[in-house]
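J.: Sharing a structure, written as structure tokens. Questions coming.
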Amino acid sequence: MNIVVCVKQTPDTAATVTVEDGRISWGDAPLVLNPWDEFAVEQALLTKEAYGGKVTALTMGPEGPNEALKMALAMGADEAVLISDPALEEADTLIASRVLAKGIEKLAPVDLVFFGRSSVDSESGVLGSQVARRLGWPTLSLVAAINTLDPEGGSIEVERMLEEGRQVVRSKLPAVVSVVKEINEPRYPSFMGIRRAARVEIPLWTLADLGLEAVGSPAVAWPEIFAPPKVETSCEFIEGDSPREIAKKLAERLIEEKVI
Amino acid sequence: MDFSLSPEHEMVQKMVRDFARQEVAPIIKEWDRKQEMAPFILPRMAELGILGVCIPVRYGGQGMDYISLGLVCEELEAVDTTLRVVMSVHMGLCSMGILQWGTEEQKQKFLVPLARGEKYGAFGLTEPGAGSDVAAIASTARREGDEYVLNGEKMWISLATKAHTVLWVARTNPEAPDPHDGLSAFILETDRPGVTSGDIHGKLGVRAGSTGWIHCQDVRIPAENRLGEEGEGFKIAMSCLDNGRYTVAAGATGLIRACLEASVAYANERKAFGRPISRHQLVQQKIAYMTQWYETSRLLYLRAGWLKNQGKRNTRETSLAKWFATDMSFQAASEAVQIHGAYGYSDEYDVERYLRNARGAMIYEGTSEIQQLIQAGYALGLRKDATLRKELPAYDPEAWQAEA
Ligand SMILES: Cc1cc2nc3c(=O)[nH]c(=O)nc-3n(C[C@H](O)[C@H](O)[C@H](O)COP(=O)(O)OP(=O)(O)OC[C@H]3O[C@@H](n4cnc5c(N)ncnc54)[C@H](O)[C@@H]3O)c2cc1C
Ligand SMILES: Cc1cc2nc3c(=O)[nH]c(=O)nc-3n(C[C@H](O)[C@H](O)[C@H](O)COP(=O)(O)OP(=O)(O)OC[C@H]3O[C@@H](n4cnc5c(N)ncnc54)[C@H](O)[C@@H]3O)c2cc1C
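Protein chains in written order, with my numbering: chain B, 118 to 377; chain W, 83 to 486.
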């Protein structure tokens, strides 16, 4: 199977996010593979281990060393491709999906594309579905299990994890699958993988390489960004002569604070 | 001069950090209280390749360099000392000893399964009556035809009840004019008849690890199990300590970092006299010292690792790193407990465990006093490194990563 896993480099979630001059700042947080994408990479590798084939990690990101691709390679991906172009600096998901879909087409024939459910920095959660739409393939989102996969027959059956319960969905291949963390337990990179990842030359594709002349300007703008108001907590002891009196005072306080 | 870690080093660091934080940190207190090693630790470290990190691929290892070994130890001990102790004895003292001194046959037979993590290694030097004074070793190895017969007891041996392969130092020549020259080193398999072992309980620290005794009663081993020449045992043991001490130094550095991180977090949370205690200058002083100890220890062990990579003798530098980092890790842990006030005195927080764990490293692999004698010996010109018959091979990425 020819498998592509789309990954993104994000700041470590342990970092503190602040807003500076209307822009989000992660300080000097180290960059990592988007934690949700670890599950996507793992699933791509498990699929390859079960059915044979090849895993290519694909990202759109800034030029230079890319932690997401390095991590995917260290975990065991066979190849990695970085799509980077100065024109993509302000890209929104509409643009990103167009670019990634072109990248996937360039890797044709692809059987299966994996995404994580969302990225921890921008949290849109729609990119997988947008890419599927651009490719004209089925989209299977919030996937918590792959029940069957039949590369020859060209079909896949998955369980989607919804708030109401699990939903079993069958579709044709090729398809785009975005996974949730319940699907597997991501492996750590191996030492051999780390060495390969540190040395391998990662090809860089520009818009021109993808046959795209211009991508247009983003449809989405972020006119204002502000940090959520600080939550102040305080502790208050309610005292009284009897449990009944304490309970009464507590109830009054709660009503007064509009909690109940 | 280049102080930066390579991307490879950074990935190794992150991988081991993630393992220790995700899999060991949540359960370590429980096993520390039980005074037992969590059963999954050794197999998991084996599976991840950690037990063979700096051994060449053709001997079953992962082919990384000696700096990687140090970084692994720093990350492991930042979570629990017992994890790093595994690396000290299995890797530093046992596997690297065989890598340095072993014949090709010995490497194939003993090093390969150790590096793959199919077997665990230990180091048997200390005896009930001989610790710092290695020349006082009383256990014996008597040659009988193609075999040696081992008798004697080793005490305070890390992984005593877990190890399959022990680098064992015994007296082969009771008549040697200098008792140091009467010692020889052996590779002892613990499944041989006559080998018994047990763990010691009631230790101050490293309670989630195995430390015990190994007894040999008329244990017969083939002569091929002798490491190096007869009479070379003391030199071999000392060169093993050059590697073991390196892992201890790197680990202690990780422990200082853990103390620093815990202290910074707590000092920013805890309020006294109307402000976070981190705003009181005497608390700041402790944080400042911990930073100094951490950074200095780190530079010292990385220099030792660099020397190892270059294939340069590093007895002096490694001993200095070990002495400084272990003494300072105990001090850092003590200050961390102080910053935590009464909470630091209970096992609700990790710092009391750090304090107990740090104490041992000032004793094993050469006490702080022994390291001081070494340093003074070099400075006063009383001590010089004699060339060894076999030196630890310099790190050569190509040779390390070749398949066969
Ligand atoms: C947790 C733990 C794990 C261990 N693991 C191992 C292991 O895996 N393998 C192994 O072989 N051993 C191991 N040891 C043993 C350790 O290496 C010895 O305890 C150490 O070498 C000190 O020896 P000793 O305990 O006999 O103390 P002693 O040698 O009796 O020393 C007692 C005191 O006298 C001081 N002293 C001794 N000689 C001098 C001198 N010339 N000048 C000044 N002061 C001196 C020492 O510094 C020390 O303070 C371990 C010990 C511990 C605590
Ligand atoms: C075994 C044990 C028995 C105890 N028994 C009793 C008892 O019987 N009765 C009782 O009332 N209490 C008892 N205590 C509590 C003890 O007195 C307190 O732990 C102690 O006063 C410190 O308070 P704290 O733990 O809240 O630390 P904190 O006051 O929170 O101090 C935390 C750290 O900040 C430092 N710090 C705080 N303020 C400043 C400042 N202005 N400048 C510089 N540094 C500062 C402290 O020195 C410390 O290092 C006991 C504690 C223990 C461990």
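Every residue, glycine too, gets a C-beta built ideally from N, C-alpha and C. Remember, it's a predicted structure, so these values are computed and weren't measured experimentally.
Tell me which residues share the same chain as Arg234 of chain B and place their Cβ nearer than 7 Å to its Cβ, disregarding the 5 neighbours each side in the sequence.
T.: Closer than 7 Å at the Cβ level, and outside the excluded window around Arg234 of chain B, lie Trp153, Gly242, Leu259, Ser295, Val296 and Val297.
J.: Could you tell me the boundaries of the alpha helix (DSSP H) in which Ser450 of chain W lies?
T.: Ser450 to Ala461 is the span of the alpha helix (DSSP H), which, as asked, contains Ser450 of chain W.
J.: Near Val136 of chain B, which residues of its chain fall below 8 Å by C-beta distance, leaving aside the five closest residues on each side in sequence?
T.: Excluding residues within five positions, the ones whose Cβ falls inside 8 Å are Ser142, Ile342, Phe343 and Ala344.
J.: Are the beta-carbon atoms of Asp281 of chain W and Thr243 of chain W separated by less than 9 Å?
T.: Yes.
J.: From the beta carbon of Ala185 of chain B, is the nearest beta carbon of chain W less than 9 Å away?
T.: No, no contact with chain W.
J.: With distances taken between CB atoms, is the gap from Ala120 of chain W to Ala290 of chain W smaller than 9 Å?
T.: Yes, the Cβ-Cβ distance between Ala120 of chain W and Ala290 of chain W is below 9 Å.
J.: Just tell me which of B:Ala204, B:Val198 and B:Glu206 has its CA closest to the CA of Glu222 of chain B.
T.: Glu222 of chain B has its Cα closest to that of B:Val198, out of B:Ala204, B:Val198 and B:Glu206.
J.: Is the beta carbon of Ala167 of chain B sitting closer than 9 Å to the one on Ala174 of chain B?
T.: Their beta carbons are not under 9 Å apart, which means Ala167 of chain B does not touch Ala174 of chain B by this criterion.
J.: Determine, using beta carbons only, whether Gly131 of chain W comes closer than 9 Å to chain B.
T.: True, the Cβ-Cβ gap to chain B drops below 9 Å.
J.: Thinking Lys236 of chain W and Ile296 of chain W are a contact (beta carbons under 8 Å), I'd like their distance in whole angstroms, please.
T.: Confirmed, about 5 Å.
J.: Identify every residue that forms a DSSP beta bridge with Tyr230 of chain W.
T.: Paired residue(s): W:Arg225 and W:Ile303.
J.: Under 8 Å by Cβ, that's how I've got Arg140 of chain W and Ala486 of chain W pegged, so tell me the actual separation to the nearest angstrom.
T.: Indeed they touch by this definition, with Cβ atoms about 5 Å apart.
J.: Using beta carbons (cut-off 9 Å, strictly below), is Ser379 of chain W in contact with chain B?
T.: For Ser379 of chain W, the answer is no, since every Cβ of chain B falls outside 9 Å of its Cβ.
J.: Hey, is Val433 of chain W close to ligand 2, as in C-beta under 8 Å from one of its heavy atoms?
T.: False, no ligand heavy atom lies under 8 Å from that Cβ.
J.: Could you work out which residue in B:Pro306, B:Leu257, B:Ile311 and B:Arg304 is closest to Ser288 of chain B when comparing CA atoms only?
T.: Minimum Cα distance to Ser288 of chain B is reached at B:Leu257.
J.: Would you say Glu451 of chain W touches ligand 1, meaning its beta carbon is less than 8 Å from a heavy atom?
T.: Yes - ligand 1 has a heavy atom lying nearer than 8 Å to the Cβ of Glu451 of chain W.
J.: Specify, as a first and last residue, the run of the beta strand (DSSP E) that Thr127 of chain B falls within.
T.: Here the beta strand (DSSP E) through Thr127 of chain B covers Gln126 to Pro128.
J.: Hey, out of B:Lys171, B:Leu190, B:Asn183 and B:Val121, whose CA is closest to Arg313 of chain B's CA?
T.: Considering only alpha carbons, the answer is B:Leu190.
J.: Run through chain W and tell me which residues come within less than 7 Å of Ser307 of chain B, C-beta to C-beta.
T.: Those within 7 Å of Ser307 of chain B in chain W are Gly131.
J.: With hydrogens ignored, establish whether the beta-carbon of Ala349 of chain W is closer than 8 Å to any heavy atom of ligand 2.
T.: Yes, Cβ of Ala349 of chain W sits closer than 8 Å to a heavy atom of ligand 2.
J.: Out of W:Gly174, W:Pro304, W:Asn325 and W:His246, which has the shortest C-alpha to C-alpha gap to Arg398 of chain W?
T.: It is W:Asn325 whose Cα lies nearest to the Cα of Arg398 of chain W.
J.: What whole-angstrom Cβ distance do Ala252 of chain W and Thr222 of chain W have, given they're in contact under 8 Å?
T.: Indeed they touch by this definition, with Cβ atoms about 6 Å apart.
J.: Between the stretch 90 to 113 of chain W and chain B, which residues of the former have CB atoms less than 7 Å from a CB of the latter, in chain order?
T.: Per Cβ criterion, the list reads Glu90, Met93, Val94, Met97, Asp100 and Phe101.
J.: Could you check where the alpha helix (DSSP H) with Leu384 of chain W kicks off and where it finishes?
T.: Looking at the DSSP string, the run of the alpha helix (DSSP H) that includes Leu384 of chain W is Gln363 to Gln392.
J.: I want to verify the contact list: residues of chain W whose CB lies under 9 Å from the CB of Glu167 of chain B, in sequence order.
T.: For the record, residue 167 of chain B in the displayed sequence is Ala; it is not Glu. Going along chain W, no residue has its Cβ under 9 Å from Ala167 of chain B, so there is no contact; the nearest lies around 20 Å.
J.: Can you check DSSP and say which residues form a bridge with Gln93 of chain B?
T.: Because residue 93 of chain B is not part of the residues shown, which for chain B are 118 to 377, the question remains open.
J.: Have a look at the DSSP bridge pairing and note the partners of Ser272 of chain B.
T.: Paired residues: B:Asp267 and B:Lys289.
J.: Using DSSP with H/G/I as helix, E/B as strand and the rest coil, what is Lys466 of chain W?
T.: Note: Lys466 of chain W maps to coil in three-state DSSP.
J.: Might you give, ordered along the chain, the residues of its own chain that have their beta carbon closer than 7 Å to the beta carbon of Glu157 of chain W, omitting 5 neighbours on each side?
T.: Within the same chain, Glu157 of chain W has close Cβ partners Gln95, Val98, Arg99, Ala102 and Gly336.
J.: Which residues in chain B have a C-beta closer than 8 Å to the C-beta of Val135 of chain W? List them in chain order.
T.: The answer, in chain order, is Phe308.
J.: Could you tell me which chain W residues have their CB closer than 8 Å to the CB of Arg312 of chain B, listed as they occur along the chain?
T.: Here the neighbours are Glu90, Gly145, Met146 and Gln483.
J.: Quick check on Leu371 of chain B: does DSSP put it in helix, strand or coil?
T.: Helix.
J.: Output yes or no for whether 9 Å exceeds the beta carbon distance between Leu241 of chain W and Val171 of chain W.
T.: In contact: Leu241 of chain W and Val171 of chain W (Cβ atoms closer than 9 Å).
J.: Name the residues in the stretch 172 to 196 of chain B whose C-beta lies less than 8 Å from a C-beta of chain W; which are they?
T.: Cβ contacts with chain W come from Pro182, Lys187, Met188 and Ala191.
J.: Taking 8 Å as the cut-off, is the CB of Leu207 of chain W close to at least one heavy atom of ligand 1?
T.: Yes; taking the cut-off as 8 Å, the Cβ of Leu207 of chain W has a heavy atom of ligand 1 nearer than that.
J.: In terms of DSSP beta bridges, what is Thr293 of chain W paired with?
T.: Partner(s): W:Ser240.
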